[in-house]
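Residue numbers (our numbering): 523 to 631. Just so it is clear, CB atoms sit at the ideal spot from N, CA and C, and this is done for glycine as well.
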């Protein structure tokens, strides 16, 4: 691994931690450029960078597929349940609220 430090990394952890954020455009360009420069001299980071690129590409292509219409039609009920719990400051009592709602959508004809 290239032991040359990368100044002002976004994290104190392993420098590879910021690679995903760099690929997502979530870091300042100067940090991204330093990370990419580092990866050119570090086979371990270069391999991790390429692995992340492949995974992101695979996810992007997989998520682009649309569910078949038969599956979309079978999904007709949305169900939601929310439970809120709260204790008094002294811990002596609590309030429990449960809410359940459902929506039925008729299949298209």
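- Non-local beta-carbon contacts of residue 574 in its own chain, meaning distances under 7 Å to residues more than five positions away in sequence, involve 541, 542, 545 in chain order.
- DSSP places residue 541 in the helix class (H, G or I) of the three-state scheme.
- Residue 580 carries a helical assignment under DSSP once its states are collapsed to helix, strand and coil.
- In this structure, the alpha-carbon of residue 561 lies about 46 Å from that of residue 592.
- A straight line joining the alpha-carbon of residue 570 with that of residue 557 spans about 12 Å.
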